[in-house]
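Heads up: the sequence shown begins at 3 in my numbering, then just goes up one per residue.
A short worksheet on the structure shown next.
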Amino acid sequence: MDGICDHRNFEANVNVARIEDVMEFMAEIKIKCADCGLDFHFKGVPMGMSYSHPMAEVGCTELRAPIAPGKKL
């Protein structure tokens, strides 16, 4: 590898936030290389927070995706 990581192993962290004042749920997802620790960023996702569509935090290393319990009808 000569000091350059080719990112073959990954760690994912998923946190589920329950936003009680509006009764919504949000999955907060981060991914990094398990070998070198480099954070991955999410491409093509706007920055911000929404209860209707996925968005990323300012550095785009955390995806915030709205979720709901049960099956979608």
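The C-beta atom is built at its ideal place from N, Cα and C for all residues, glycine as well.
(request) Please confirm if the segment 54-74 is in contact with the segment 25-42, defined as three or more CB-CB distances below 8 Å between the two stretches. (result) Yes, since at least three Cβ pairs between the segment 54-74 and the segment 25-42 fall closer than 8 Å, the two stretches touch.
(request) Helix, strand or coil for Pro56, going by three-state DSSP, please let me know. (result) In this structure, DSSP gives Pro56 a state outside helix and strand, which the three-state scheme calls coil.
(message) Using the Cβ count rule (16 or more neighbours within 10 Å means buried), how would you classify Phe12?
(response) Burial call: exposed.
(request) Name the residue from Glu26, Met49 and Cys7 whose alpha carbon lies nearest to the alpha carbon of Asp37. (result) Closest option to Asp37, Cα to Cα, is Cys7.
(request) Would you give the residue range spanned by the beta strand (DSSP E) that Pro68 belongs to? (result) Per DSSP, the unbroken beta strand (DSSP E) holding Pro68 starts and ends at Glu64 to Ile69.
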